[in-house]
Every structure is written in C-alpha cells, then in structure tokens.
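**Student:**
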C-alpha cells in the first residue's frame, strides 16, 4: 500500500536534510542548483526534450505514457547505484523545476522503500526566488570592509591571509572564477559559472557570515568577467569603509608576472583579448603589445598595461565610491611577512572601527 502523501517543505528547511537530490535534467543542473545537491535526473536532456515535444504536438497522455517508463527506469538506476548503502534513518529532499511530477515520482518511490523523503515545495523556482530575495537583504546586515589598491598590490593574497587568521572573507573572484580584469580568466581556462550559479554561490557565502563581525572584501568592478554583482551588494561595497593599499610598481609587476604567467602558454588568446581594447588605446600601442607577446617580453607588456590602462581605469572607477578611507598602507615588499603583518593590523582596525575618524598607517616590513 502507498504510504502517506510526501511532505512538502520550504526552502528554509533545506539544511535539515541529509541529502538534497536534484531530479532535473543535467543541463538544468549545470546552469544552477542548490549548493551540495547531487544530480539524479529522472529524465536526461534528450528524454526531456522528446517528452516535451510529444506533450505539445501530440497529447499530455502520450507524453506521460512514454516519459513514465523512462522516469521509472532512471529512478531505479539511481536507487540501485547511489542509495543502496543509505540507512533506514536517511532523510533525502528532492526537487525539480516547479516541485511537480519529476520530484514527486522520485519521492514516492523513496518513501515506498521506507525512507523519510520530502519534496521541496515550489522546486528550484522557489529556491531561486528565495536567493534573489536574500541577495536584496543580506548585504545590508554585514559589516563590510573593502580592500582597495591598484593591480598587483596583493589584495587577493591579503584576503587569503585574513582568512587564514580566522577573519570573515568574501572572495568574489573565487566565486566568479575570474580575476575581474581583461586578462583575469582562471589559469586552467575553466569557464565561469552562469549568472544564476554565481548568485547562488554568493548567497551561500553571505548567509554564513556572522553579522556582528567584519567581512573583508576586495574592491571590484560591478562586472567580474561575465558575472555581475547584485545591486544591493554593489552599493553596500561602494559605501563601506575602505582600506587602501600601495606598493612600488616593480614589486607589483613581479606579482603580476607570477600570477598571470599562464598566458605565456596561450599567447594567441592573449593577443585576441588585448585587441578588445581597440579604440580604447591607440593602434600603435596595440601593435607594441602584440610584438612584446611574440618576443615573450611579458615584463614590458604588463608594465605598460598597468601604467597605461589598469591603474588609470582603477583610479577612475574608485573615485565614484563614497565609503570613508579608514586606513592607508604603503609597503615596499609583497612578502608573506608583509601580508601577515597587514592582516593582523586590519583585523584590529576593523574590530575597533567607529565611523568617525580616519587612520593612516605606514608599513615597510619585509
């Protein structure tokens, strides 16, 4: 006999379950999914397309007749290959696009076996609405501190050092899988997440922060590669207290050469990327950059890019930010000791910060 109707749960209850199962197609899962969810499609991409076509062109009954056999086969496959070791006490949560037939069928079979399975009410669409609503409110509750400084001054390294010391860090470039500049793709060439997946990852990070403690974040453009920051977070960052960093050009160049060294192995793509600046910089400059790439003179290339393009663009963008500058750090080296010293000072400054006075600090520790 069938068990009682599967319970419907809200997005707020997701964390109470042992496993979250995404019953949508692989393509839907790849675009975005609930963090930590495993992909167990009841219809693959091809099957879903066929069933949808039959539904529209023939009849809903015919679509269910054909699709039902595929759904049963796929659910059986997942149960046999992924869930045979689950104990009687296992509590899975299943969702599909709208919380309809795909997740409902999966939950029915899991409950018939004896597991306390539940269905996400409203499915992924409900989750997506929740994420967007939270991205409108969560940033306003945080004590953001923005790290600002020109390319190569070690903002990302400083963020990582702060995290190692236990500080709360929002690493937007890691979430976007991009350094935020024209040449800022991932070294391994991995694609960026979709906008939906980026926003989900951002929501997942923001909701775990303690609002009573500082959150350090790097000053970024509104767009990080192909990903865009939500409006509320972007405005909160622009108005947040800022810490400015400054280092000599040669030290910055050394860091850039190390962090962007992967372009040596993909010179044609690098040349194509720089051609996107046609009309922004003179053609003669573009020609010089192309020649330097051909010769392998990346020091000359990056130095000119920083002086001619990155630094002026960064200063112009940051001039529109309204947050107070609460500390300025000028340092001569970009060593591990320098970043450890800076991180410790930043944690102390943020802990005692009150929006009244501006503090200027200088450090040259090696």
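Numbering (my numbering), first residue to last: 15 to 380.
Glycine included, every Cβ here is placed at the ideal spot set by N, Cα and C.
Measure the C-alpha to C-alpha separation of residue 57 and residue 47 and round it to an integer number of angstroms.
**Tutor:** 16 Å
**Student:** With DSSP collapsed to three states, give me the class of residue 133.
**Tutor:** strand
**Student:** Tell me the residue span of the alpha helix (DSSP H) that contains residue 349.
**Tutor:** Annotation: residue 349 is outside any alpha helix (DSSP H) and is labelled neither H nor E by DSSP.
**Student:** Go ahead and pull the three-state DSSP assignment for residue 295.
**Tutor:** strand
**Student:** Do you know whose CA, among 53, 263, 275 and 208, lies nearest residue 348's CA?
**Tutor:** The residue with the shortest Cα to Cα distance from residue 348 is 263.
**Student:** Between which two residues does the alpha helix (DSSP H) holding residue 250 run?
**Tutor:** 245-253
**Student:** If you draw a straight line from the alpha carbon of residue 312 to that of residue 273, how long is it in whole angstroms?
**Tutor:** 12 Å
**Student:** Quick one: what does DSSP say residue 56 is sitting in, helix, strand or coil?
**Tutor:** coil
**Student:** Starting from the Cα of residue 284, find the closest Cα among 197, 69 and 60 and give me that residue.
**Tutor:** When the alpha-carbon of residue 284 is set against those of 197, 69 and 60, the nearest one is in 197.
**Student:** Consult DSSP for residue 165 and reduce its assignment to one of helix, strand or coil.
**Tutor:** coil
**Student:** Which of the three DSSP states is assigned to residue 47 in this structure?
**Tutor:** Coil at residue 47, not helix or strand.
**Student:** I'd like to know whether the C-beta atoms of residue 286 and residue 239 end up nearer to each other than 8 Å.
**Tutor:** It is not a contact, given that the beta carbons lie outside the stated cut-off.
**Student:** Going by Cα to Cα distance, which pick from 177, 160 and 131 is closest to residue 354?
**Tutor:** 177
**Student:** Report the option in 159, 358, 42 and 279 whose CA atom is closest to the CA atom of residue 251.
**Tutor:** 159
**Student:** Going by the beta-carbon positions, is the gap between residue 52 and residue 107 smaller than 8 Å?
**Tutor:** no
**Student:** With 16 as the cutoff for other CB atoms within 10 Å, does residue 297 come out buried or exposed?
**Tutor:** exposed
**Student:** When the Cα atoms are used, what is the spatial distance from residue 50 to residue 343?
**Tutor:** 39 Å
**Student:** Excluding the 5 residues flanking residue 361 on each side, which residues of the same chain have their C-beta closer than 8 Å to its C-beta?
**Tutor:** 176, 179, 181 and 228
**Student:** Enumerate in chain order the residues of its own chain whose CB-to-CB distance from residue 32 is below 7 Å, with the five nearest sequence positions on each side excluded.
**Tutor:** 104, 105 and 106
**Student:** Count Cβ pairs between the region 164-172 and the region 66-82 that sit closer than 8 Å; are there 3 or more?
**Tutor:** no
**Student:** Assign residue 148 to one of two classes, buried (16 or more other C-beta atoms within 10 Å of its C-beta) or exposed (fewer than that).
**Tutor:** buried
**Student:** Under the rule that 16 or more other beta-carbon atoms within 10 Å means buried, what is residue 279, buried or exposed?
**Tutor:** exposed
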